[in-house]
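First up is the structure itself, then whatever we jot down about it.
Chains as they are written, first to last, in our numbering: chain A, 15 to 298; chain B, 586 to 943.
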C-alpha cells in the first residue's frame, strides 16, 4: 500500500517538475509584460503580474508606433492568421488530392511518385528558398498573400498521412460506390472526405501551428511593414528596441511574444478531441 | 431481369497467376445460380468480372446479349452484396440505399418511394435514420441487400454475403434471400464456399475447381450424379465415403474386401469407390465392416463414424467411413458393425483423373 503511494508521489513530482520547467518561462514572460518599462529596466524580469496589463497590450495591438513605426500589432496578428489558415487549408487540399491520386488511380508511376514526394521531406524550405524566392519575385507576387502561401502548400507529410489513411479504407467501399454509379469525383466528395473528417481536422491543426510559426519565408517574402506576421514582428521589435536612445520597451516585446503563442495554443485546446481522434481512430 | 452469358472467359493476373481458365456458361432469365468451390478456386473472380470490378483477360461476358467487357460497372446495371456489407459508414441506412439512385439522377420523391418500399420488404424501415454502426450484423446485411434491391438491377451478385453472420442468422437470411429472389424474379449469381448454402439456394449450381467449372446443374442432380471425384466429395454433408480399390476383371478389391457386381472397368488402375453415407445401412450380410468410434447426434438423425476394416490404403492411414441413420440407432463405441449398400448407388472414379466411370 505505502509502496504504491510512494510511487504515485514520485511520478507526480517528476511530472510537476516537467510542467514547471515548460511553463515557467511563459509565465515570467507574461508577468513581465504587465510591468512598466522602468520597472523592468530597474528590477529585471518579474515573477508576479504588474498593473500595466491593459496599457501595454492596448498600445501593442492598437496604437500606431506602439510596436513599430507604422504597423499595428492587430494587423500582424491578422497577417499571421491568414498565413496560418491559408497554409493549413492549402496543405490539406493539395495533399488530400495527391494521396487520392496515388492510392486510387492505378497509373504506372504511382509508387515511384509517392516516394519522390516522400523524399522531398529531406529537402526543407531552407534548401530551396532562393529559387522559390526567384520564382515568386519573378511573378511579381512579393508582398501578396498568394505569394506567401502557395509556394508552401505542397506537403509530403500531409500526403503521407492521407495515403496511409486511404489505404486503411476497405476496398469494398470503393467497389460498392463504383457499382452505385459514383464518378471518381463523387466518390472523393461523398465518401472519402466525410470519412477523413477527423484526419482532416488533425492535419489542419498541425499545419496551422506550423504555418503560424513560419519565420524565414515570410521574412524574405514581405518587404513592407504592413505585411509582417507576428513572428517577424517579434524579431523586428527587439531590433528597434535596441536602437535609438529611448528606454527599451521590453514589456512590449514580451506582450507580442505572448500574443504570438496564444492562437496556436487556443486552436490545440479547442480541437484537441478531434486531433486525438484523427490520429488514433480506426473505426471505418 | 436478364440473361447472362459467359463465353470462354479467362483471367490471368499481371503476376501470371491464372484465376479463371476458360469458362462457358449461359444463365437464363430469373435463374438463381450459385458458384461453389474451395477458396482460391476463382469463383469470386468470376463474379467480380461480371460486376466489372476485374478486367476480363479473354473471352466475352454478355448481359441481355450486349457484350459488357468494356462497360463500366455502373452502366452494367448489376448490383452486388459484399461479404463485409461495404456500407458507407457515415451515411444513414436511407442514405446508403439512396446513394446509387441519387447518382443516377432520379427525382427525390421517386428515390424516397423506392427506398421506403425496399425497406418495408426487408423489414428495416424502422432503422432508416440510423447509421450502420448502430445496427446488428443481420440488419447490416439487410441494408446491403436493400441497397441492391432499390436499384432494380438486371442482375444481383452476391459475394459470400452470409459468411460474417452467426449460424442461426445465416439460415434465416438464406431462406429470406431465396424468397426475395423468387418474388422479384431477378437473375442472380451467388458465390459461396458453403455447400449447404449452395444446395439450398441454387436453381443451378456450378462447382468450380481451379478456375474451371467441374460440373453445372441442379443441386440434386449434382448430388446424385456427380461427374467427377471432386464434385462428389465437395457436394454432400457429411462427405461421401471414398474407398481406394482396384478392378481384377470381376470384382473390386481393396485389401481383404471384395465388391462384386461391377463390370467394364479398367484393370490395374487405381480406382475410388464412392458411397454416400445415406445409402449405407447396418445389415449382418453387408459388404463392409466398420469399427465404430464416434456417434454424432443431430437430433432426428445420427451420424456414425468409424474405421473401415480390411481396406487397403496406399498411404497407410485407416480408411474412415461414415453412415447416416435415424435417432434410435445408436451403436456402442468400439462395436463392430456390418454395413450394406446397394451397388446401384455406388460410384466408381478414376483416382488419377477424377473421372466418373460408373
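Don't be surprised by glycine CBs; every beta carbon is placed ideally from N, CA and C.
| Check | Outcome |
| --- | --- |
| From 862/B, 872/B and 706/B, residue whose alpha carbon lies closest to that of residue 923/B | 872/B |
| Residue burial classification, residue 236/A (beta-carbon count within 10 angstroms, cutoff 16) | buried |
| Listed by chain order, chain B residues near residue 184/A by CB distance under 8 Å | 669 and 671 |
| Validate contact between the segment 209-228 of chain A and the segment 171-182 of chain A using beta carbons, cut 8 Å, 3 pairs | yes |
| For residue 265/A, the nearest candidate out of 157/A, 20/A, 37/A and 49/A (CA to CA) | 49/A |
| Interface partners of residue 691/B on chain A, CB under 7 Å | Those within 7 Å of residue 691/B in chain A number zero; the least Cβ separation is about 11 Å. |
| Residues near residue 792/B by beta carbon distance below 8 Å, same chain, minus five either side | 621, 622, 798, 799, 800, 801, 807, 815, 816, 819 and 820 |
| Uninterrupted beta strand (DSSP E) stretches inside the segment 586-662 of chain B (no shorter than 3 residues) | 589-597, 603-612, 617-621 and 643-648 |
| For residue 191/A, the first and last residue of its enclosing beta strand (DSSP E) | Run containing residue 191/A: none in the beta strand (DSSP E); it sits in the alpha helix (DSSP H), 185-193. |
| Per DSSP, the bridge partner or partners of residue 791/B | 620/B and 801/B |
| Counted within 10 angstroms of its Cβ, other Cβ atoms place residue 105/A as buried (16 or more) or exposed | buried |
| Contact with chain A by residue 944/B, beta-carbon distance below 8 Å | No information on residue 944/B is available, as it lies outside the stretch 586 to 943 that chain B covers here. |
| Neighbour flag for residue 122/A against chain B, beta carbons, 8 Å | no |
| Residues sharing a beta bridge with residue 776/B, DSSP | 620/B and 744/B |
| Short CB-CB distance (under 8 Å) between residue 190/A and chain B | yes |
| Sequence ranges, beta strand (DSSP E) only - wholly within the segment 119-159 of chain A, length at least 3 | none |
| Chain B contact for residue 214/A (CB, 8 Å cutoff) | no |
| Residue 892/B in three-state terms, based on DSSP | strand |
| Proximal residues to residue 169/A (C-beta, below 6 Å), its chain only, five neighbours per side dropped | 105 and 109 |
| Closest residue to residue 543/B among 753/B, 752/B, 736/B and 776/B (Cα-Cα distance) | Here chain B has residues from 586 to 943 only, and residue 543/B is not among them. |
| Contact list for residue 778/B against chain A, beta-carbon separation under 7 Å | Under the 7 Å cutoff, chain A gives no residues; its nearest Cβ is about 18 Å from residue 778/B. |
| Cβ-Cβ separation, residue 699/B to residue 1003/B (assumed contact under 8 Å), whole Å | Since the first and last residues shown for chain B are 586 and 943, residue 1003/B lies out of range. |
| Per-residue DSSP class, three states only, for residue 912/B | coil |
| Enclosing alpha helix (DSSP H) for residue 758/B [first to last residue] | 752-769 |
| Neighbourhood of residue 862/B by C-beta, 6 Å cutoff - its chain only, sequence neighbours within 5 removed | 823, 907, 908 and 909 |
| Chain-ordered neighbours of residue 300/A on chain B, where CB pairs are closer than 7 Å | Nothing can be reported for residue 300/A: it is not among the residues displayed for chain A, which extend from 15 to 298. |
| Own chain residues within Cβ distance below 7 Å of residue 191/A, not counting five before or after | 201 and 205 |
| Neighbouring residues, chain B, relative to residue 195/A (Cβ below 7 Å) | 659, 685, 688 and 689 |
| Beta-carbon proximity of residue 247/A to residue 90/A, cut-off 8 Å | yes |
| Close-in-space but distant-in-sequence residues of the same chain around residue 228/A (CB under 6 Å, 5 per side omitted) | none |
| Extent of the continuous beta strand (DSSP E) to which residue 724/B belongs | No beta strand (DSSP E) contains residue 724/B, which is instead part of the alpha helix (DSSP H) from 722-735. |
| Near-chain A residues of the segment 632-660 of chain B - C-beta to any C-beta below 7 Å | 636, 638, 658 and 659 |
| Residue 645/B versus residue 784/B - alpha carbon distance | 28 Å |
| Within 8 Å, strictly: CB atoms of residue 726/B and residue 750/B | yes |
| Separation of residue 742/B from residue 661/B, as counted between CA atoms | 12 Å |
| Start and end residues, beta strand (DSSP E) containing residue 845/B | Unbroken run through residue 845/B: none, as it is neither H nor E. |
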